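First to last, the sequence lines map onto chains A, B, C and D.
Counting from 286, one number per residue, gives the positions in the first sequence under this note's numbering.
Counting from 286, one number per residue, gives the positions in the second sequence under this note's numbering.
Counting from 2, one number per residue, gives the positions in the third sequence under this note's numbering.
Counting from 2, one number per residue, gives the positions in the fourth sequence under this note's numbering.
Just so you know, even glycine gets a beta-carbon here, dropped at the ideal spot from N, CA and C.
Predicted model, so just to flag it, every value in this text is computed and none were measured.
One structure is given here, and the rest of the page talks about it.
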Amino acid sequence: MAKTSYRDALNQALREEMQRDESVVLFGEDVAEYEGSFKVTRGLLKEFGPKRVFDTPISEAGIVGMAIGAAMGKIRPVPELMTANFAYVAMDQILNHLALMHYMFGGQATLPVTIRMPGGGGHQLGSQHSHSPEPIFVHTPGLFVVYPATPADAKALLKAAIRDDNPVIFLEHEGLYNLEGEVPDNLEPGVIGEAKALREGSDITLVGYGAMTHVALEAAEALAKEGVKAEVIDLRTLRPWDKEAVAASVSKTHRAVVIEECPPACGIAAEVATNLYELAFDALDAPIERVSGADVPLPYAKNLEQACIPHGTDVVRAAKKAMARQDP
Amino acid sequence: MAKTSYRDALNQALREEMQRDESVVLFGEDVAEYEGSFKVTRGLLKEFGPKRVFDTPISEAGIVGMAIGAAMGKIRPVPELMTANFAYVAMDQILNHLALMHYMFGGQATLPVTIRMPGGGGHQLGSQHSHSPEPIFVHTPGLFVVYPATPADAKALLKAAIRDDNPVIFLEHEGLYNLEGEVPDNLEPGVIGEAKALREGSDITLVGYGAMTHVALEAAEALAKEGVKAEVIDLRTLRPWDKEAVAASVSKTHRAVVIEECPPACGIAAEVATNLYELAFDALDAPIERVSGADVPLPYAKNLEQACIPHGTDVVRAAKKAMARQDP
Amino acid sequence: MRKDELMRVYYQMQLARGFETRVAEQYMKGRIGGFCHLYSGEEAVALGALWSLRKDDYVIGSYRDHGYYILRGGDPGKAMAELFGHANGCCKGKGGSMHLFDPDINFLGGYAIVGGMCPIAVGLGLAIQYRGEDRVVLCAFGDGATNQGAYHEALNMASLYKLPVIWVCENNRYAIGTSVTRSSAQESMARKAKTAYDLPVSVVDGMDFFKMQSVMERAIKRAREGKGPSFIEAKCYRYRGHSMSDPATYRDKKEVEFWKQRDPIPRIKAVIQHDFDVPDEEFKALDTKVRQVLEEAVKFAEAGHELPPERLHEDLYVD
Amino acid sequence: MRKDELMRVYYQMQLARGFETRVAEQYMKGRIGGFCHLYSGEEAVALGALWSLRKDDYVIGSYRDHGYYILRGGDPGKAMAELFGHANGCCKGKGGSMHLFDPDINFLGGYAIVGGMCPIAVGLGLAIQYRGEDRVVLCAFGDGATNQGAYHEALNMASLYKLPVIWVCENNRYAIGTSVTRSSAQESMARKAKTAYDLPVSVVDGMDFFKMQSVMERAIKRAREGKGPSFIEAKCYRYRGHSMSDPATYRDKKEVEFWKQRDPIPRIKAVIQHDFDVPDEEFKALDTKVRQVLEEAVKFAEAGHELPPERLHEDLYVD
Ligand SMILES: Cc1ncc(C[n+]2csc(CCOP(=O)(O)OP(=O)(O)O)c2C)c(N)n1
Ligand SMILES: Cc1ncc(C[n+]2csc(CCOP(=O)(O)OP(=O)(O)O)c2C)c(N)n1
Ligand SMILES: [Mg+2]
Ligand SMILES: [Mg+2]
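Set out below in structure tokens:
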């Protein structure tokens with residue numbers, strides 16, 4: 286099976302869904318003629334034409350609102366926000382319109398909108414361009430939030446998101462676009478809400494998502510060398526997230542480290558940890574360790590920025606801390 | 286000592302700070318001639334004139350951005366967002382400008398901005414007008430977040446916020462404006478980051494903020510009738526929040542219920558609970574119970590909306606669940 | 002227009018006006034909660050704007066939505082029930098006064114964030130264009146919305162893509178307590194839009210059904226022919242405060258009187274009486290019908306019940 | 002203008018241009034990271050806009066900020082060090098290319114959110130007015146920013162309050178790969194602003210220092226006199242791609258050539274040679290000085306170091 290990049294896997298998903306369903310339409314800043322600032326939409330204008338793939342002004346609130354209206358008009362929009370950092374100017378349309386209209390109107394407005402947006406830091410883009418806004422979306426009832434870590438999941442979950450009749454925030458990690466991985470031919474759509482164990486282990490559970498999943502895998506590798514068998518769970522979707530699967534793993538390992546790229550307060554790790562305590566309190570032999578992004582805006586300087594982002598070594602340290610506690 | 290309403294306490298704080306400091310300026314939608322849609326700015330235009338208290342167009346991004354620039358221009362703006370629901374259209378200015386400029390510019394931009402905004406639900410205002418956005422702000426490094434529960438704290442903390450050189454999100458609860466309480470004359474500014482025990486108890490700790498503090502007090506009263514001594518802690522400020530004080534209480538009571546008005550995912554209770562597990566894991570005899578807003582947009586119908594908001598009875602139920610667990 | 006049509010205009014405006022009177026009563030009785038924005042005085046704007054639309058055209062607007070809902074042909078009973086928060090309301094009681102919605106009449110919502118519905122209207126226009134239909138979108142909003150960023154992004158996009166969106170700006174001179182003069186550097190909403198977004202604009206007396214209806218006809222024709230959006234500034238006035246909780250002390254009696262002199266209902270009645278001599282009985286008959294319909298509406302609302310709390314989580318997601 | 006002033010114009014533009022050349026080199030060497038937007042070709046806009054400002058006036062702009070920082074009198078060494086991410090940079094290496102800042106020259110920041118700096122400029126204008134000063138604010142942004150909601154809210158507020166803000170729209174015809182024609186219903190940025198926000202506008206050849214400087218003088222005078230904001234559309238062109246990572250294949254050679262014919266630097270040189278016969282040596286001397294200054298700048302940057310990670314949390318809050 287040939288290796289495919291995360292970028293190409295996303296591109297394939299878009300192409301296949303557009304071929305499959307006439308009503309799928311793409312728009313965003315520089316997605317058509319420029320083929321996307323990360324080239325995820327490469328070749329799509331050529332194949333599907335300017336009616337189905339078109340550029341917009343720098344108007345994110347307009348883009349999201351247009352997607353909402355288009356969806357009510359029975360087309361299936363897949364807008365791209367050039368990066369997740371620009372979701373902030375569209376926050377009202379996302380949180381205060383898209384997320385709640387189906388509910389507020391008593392189930393009469395159906396909004397099959399998938400908003401794609403690259404997020405995350407690590408490229409020295411500075412404080413305003415390095416956000417990881419996932420907690421804001423995960424907090425919001427009415428949204429689904431997907432954050433794939435591998436090319437195969439990127440493709441399978443983007444297909445699922447596009448076919449889903451609910452609004453989906455589809456986060457892509459800027460640092461993963463070039464990641465290669467195996468993507469089976471005619472891959473079926475994935476299941477939103479299902480986590481996946483990427484590595485089996487009995488000593489401790491490492492929970493990640495997006496780029497953090499790879500940080501977890503790196504840590505597991507290092508821990509293995511020291512005889513610690515870590516189980517690595519990739520959440521894959523953040524709302525809803527697979528509480529049962531993660532709790533089951535923790536009930537087996539009795540210890541956990543949760544990794545998030547965003548700052549800790551009201552973050553993803555707090556959400557995961559709190560639920561695990563509620564679901565598996567007696568199974569836990571140690572407090573759940575959180576490895577979070579630093580509690581500062583991401584600085585530009587490479588060393589400082591790297592110091593903000595979780596690394597395998599941070600996870601190893603946290604895992605050892607959890608292991609150090611004796612079972613009561 | 287005369288009783289003062291939460292509304293008037295805020296009004297006093299604004300008046301006194303404006304009298305004290307020439308550079309304090311108020312603006313927002315209908316804050317001047319209309320005296321505020323919740324009348325918090327009553328009489329201030331009259332006393333301080335149109336240069337220091339003025340109305341703006343319906344342009345929240347403009348309002349917050351104007352506050353940022355004004356602060357760099359050495360005035361001390363206290364903008365009002367008519368309600369917290371309108372912070373969403375200004376989210377980019379708040380999260381991606383105000384919060385990070387001091388850091389991003391290497392400490393050279395100082396932004397003494399206090400943004401006042403009434404939040405919370407319970408008045409049948411419907412899904413788009415009943416948000417509790419506190420987790421979004423608490424998640425954000427660079428902001429302080431204050432949410433007073435009593436008239437005295439409303440006054441003391443608003444004074445502190447205005448005098449502070451950091452950006453402060455000052456949340457006021459729409460349901461508390463008419464709440465009466467004792468406000469000492471010449472009250473000193475409060476301390477941002479200090480929680481307060483409003484009721485002593487040894488059996489369980491109930492943690493609240495804003496309107497939720499009163500829900501906690503109501504529950505404590507009911508629990509007392511059944512012989513359960515609950516300690517009630519009012520966080521008062523949500524970023525930073527007083528981890529030490531809350532952990533100390535839990536170390537004493539061994540059990541806790543955290544109450545939040547917002548939906549649970551990545552919420553305030555998850556933030557508080559996770560930290561308590563980390564700080565007082567061994568002291569806990571039962572999982573921390575969360576009483577959260579329902580995980581839906583707030584509906585209009587009174588009964589449904591009330592079913593979304595935490596009540597004393599919900600807290601009592603949660604407390605009993607926590608109490609039911611035998612110490613290991 | 003034919004006599005029967007004119008009588009329908011009269012009837013419809015009386016219905017919308019009467020509905021708000023009932024709403025005010027019920028609000029006072031505490032059976033309606035939340036924010037409640039009445040449309041009284043602006044009926045000619047909505048009716049004129051809606052008159053020449055087809056059933057399959059889309060209508061979208063603000064929280065001041067009762068008038069549009071009723072005049073679009075919505076069931077007053079379902080609207081009243083919605084305001085009561087009852088399950089037989091048009092949104093099962095989940096939406097309330099600011100969020101009426103009814104797909105059967107293509108009324109796609111009242112929205113409570115000023116300007117927030119404008120980009121959504123653009124999307125409806127996009128769908129129409131994409132599907133090669135000749136429908137149009139009517140998007141109604143207030144003068145205050147023209148100071149909101151999303152509004153500007155939407156106007157630019159609709160013009161850029163030549164979408165069949167008709168922007169109806171109800172300039173009732175106030176945004177709550179703030180007059181246009183104190184909030185907009187350009188006091189003419191039409192001029193504010195014209196050059197910036199390169200689209201045809203018209204300013205019309207929004208208290209005059211005929212003027213409103215005729216500029217709207219032009220805009221509809223243009224939109225159906227694929228020539229793109231139009232902008233209509235309707236000069237009008239709300240008789241009541243911004244919402245039920247606003248005493249509106251910021252407007253002086255004279256101003257209110259001035260506008261009440263231009264009330265569209267007596268105005269249409271006079272026209273009808275002038276063109277066809279219609280005996281007063283016929284008007285009285287319609288007024289009686291209005292009363293009956295609204296009494297039934299209130300009865301219908303009263304007969305309903307709130308959804309049981311067990312059903313709180315329904316409609317959060319489509320499954 | 003006097004000869005020495007003209008020579009300074011030449012020197013400054015060469016300095017800004019040369020700075021970008023060095024930046025490109027260092028970026029290729031991997032010593033500069035992130036997004037890096039060069040100003041090459043647009044020097045006359047910034048220099049003309051800045052020329053008549055006072056030291057105490059405020060300047061604020063976008064991520065394409067190197068030119069403004071240098072031409073405002075910022076230290077090229079501190080700018081280069083910032084791009085290196087070193088602690089001796091103007092923001093201690095925390096800001097980077099898109100976020101230069103220096104209170105000593107009242108350059109209050111490069112901002113990376115399109116249009117995001119416009120409301121901030123309004124606030125600076127408010128502070129000036131409130132304190133009764135006669136300073137002005139120069140706010141520079143691109144053509145693409147005029148499609149962003151915050152920009153519109155800002156323009157309205159500045160006009161409404163008659164604030165001393167001068168809006169300089171650098172219309173270089175593209176927003177990354179999207180031309181103005183494909184993104185704005187109104188292709189003239191000046192007309193897009195004029196009626197909507199009721200302020201004086203001018204369209205000027207941004208490749209011509211003198212034209213730019215003179216319209217700016219008028220705008221400054223007006224602002225200082227408390228008459229309010231002005232809008233200047235500077236027609237210009239960026240020689241390079243949007244950022245270092247953009248090959249700019251969307252622009253054809255002819256177009257690029259057309260604009261390079263109008264390069265402001267040879268243009269000013271010709272003027273000087275025509276008005277005063279200045280021997281080539283004098284220009285060469287300035288070019289040499291530019292080279293030296295920039296070499297020192299690079300040396301200064303190289304000599305610096307990143308902040309130690311222990312200091313990561315500094316500057317988050319004022320205490
Ligand atoms: C973004 C936003 N800001 C503020 C409000 C509060 N608000 C509700 S209606 C209103 C005034 C709107 O005036 P206008 O657009 O003229 O409509 P009208 O009420 O006159 O019909 C305001 C400020 C809001 N709903 N949304
Ligand atoms: C709100 C927002 N959306 C998108 C971007 C990504 N982006 C950065 S620069 C740019 C183009 C801006 O073009 P223009 O305003 O004309 O300025 P120029 O680069 O031509 O100087 C875009 C889309 C951004 N920074 N901010
Ligand atoms: Mg109005
Ligand atoms: Mg440009």
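Straight-line Cα distance separating residue j from residue i
| i | j | result |
| --- | --- | --- |
| C:Y70 | C:G143 | 16 Å |
| B:A533 | B:I573 | 15 Å |
| C:A122 | B:R524 | 39 Å |
| A:D340 | A:A496 | 28 Å |
| A:N295 | A:E320 | The residue asked about is misnamed: residue 295 of chain A is Leu in this sequence, not Asn. One C-alpha to the other measures close to 13 Å. |
| B:A530 | B:L396 | 29 Å |
| C:K79 | B:L491 | 43 Å |
| B:G475 | B:G347 | 30 Å |
| B:E394 | D:V115 | In the sequence as presented, Glu is not what sits at residue 394 of chain B; that position holds Ala. Near 20 Å, if we compare the C-alpha coordinates of D:V115 and B:A394. |
| A:K603 | D:N107 | A quick correction: the sequence has Ala, not Lys, at residue 603 of chain A. Near 45 Å, if we compare the C-alpha coordinates of D:N107 and A:A603. |
| D:P230 | C:S184 | 16 Å |
| C:K290 | C:Y11 | 12 Å |
| D:M2 | D:P248 | 39 Å |
Coarse secondary structure for residue i, derived from DSSP in three states
| i | result |
| --- | --- |
| B:E467 | strand |
| C:W168 | strand |
| C:V60 | strand |
| D:S1 | Not covered by the structure: residue 1 of chain D. The range shown for chain D is 2 to 320. |
| B:S308 | coil |
| A:I454 | strand |
| A:P426 | coil |
| C:K4 | helix |
| B:K440 | helix |
| A:K336 | coil |
Within 8 Å, strictly: CB atoms of residue i and residue j
| i | j | result |
| --- | --- | --- |
| C:A50 | C:G305 | no |
| D:V272 | D:E234 | no |
| A:R610 | A:A558 | no |
| D:Y59 | D:A113 | no |
| D:V169 | D:V138 | no |
| B:Y494 | B:R292 | no |
| B:P362 | B:A356 | yes |
| B:T435 | B:G404 | no |
| B:R540 | B:A480 | no |
Whole-number beta carbon distance between residue j and residue i, since they are thought to touch under 8 Å
| i | j | result |
| --- | --- | --- |
| B:L410 | C:L308 | Contact flag wrong, Cβ pair sits at about 18 Å. |
| A:A372 | A:P418 | 6 Å |
| D:S160 | D:L125 | With a Cβ gap of about 15 Å, D:S160 and D:L125 do not count as contacting. |
Checklist entry - Hey, which unbroken runs of the alpha helix (DSSP H) at 4 residues or more fall wholly within the segment 562 to 597 of chain A? => result DSSP assignment within the segment 562 to 597 of chain A yields the following whole alpha helix (DSSP H) runs of 4 residues or more, N-terminal first: 587 to 593.
Checklist entry - Hey, which unbroken runs of the alpha helix (DSSP H) at 4 residues or more fall wholly within the segment 228 to 316 of chain C? => result For secondary structure counted as the alpha helix (DSSP H) over 4 or more consecutive residues, the segment 228 to 316 of chain C holds these complete runs in sequence order: 254 to 261, 265 to 276, 281 to 304.
Next on the checklist: If we require 3 or more residues per run, which beta strand (DSSP E) segments fall completely within the segment 465 to 523 of chain B?
Outcome noted: Those beta strand (DSSP E) runs which fall completely within the segment 465 to 523 of chain B and span 3+ residues are 465 to 467, 481 to 484, 489 to 493, 515 to 519.
Checklist entry - Fully enclosed by the segment 71 to 124 of chain D, which beta strand (DSSP E) runs are 3 residues long or longer? => result Counting only runs of 3 or more, we get 108 to 112.
Item to check | Environment of ligand 5 in chain order, Cβ to heavy atom below 6 Å | outcome: For ligand 5, the structure offers nothing, since it holds only ligand 1, ligand 2, ligand 3 and ligand 4.
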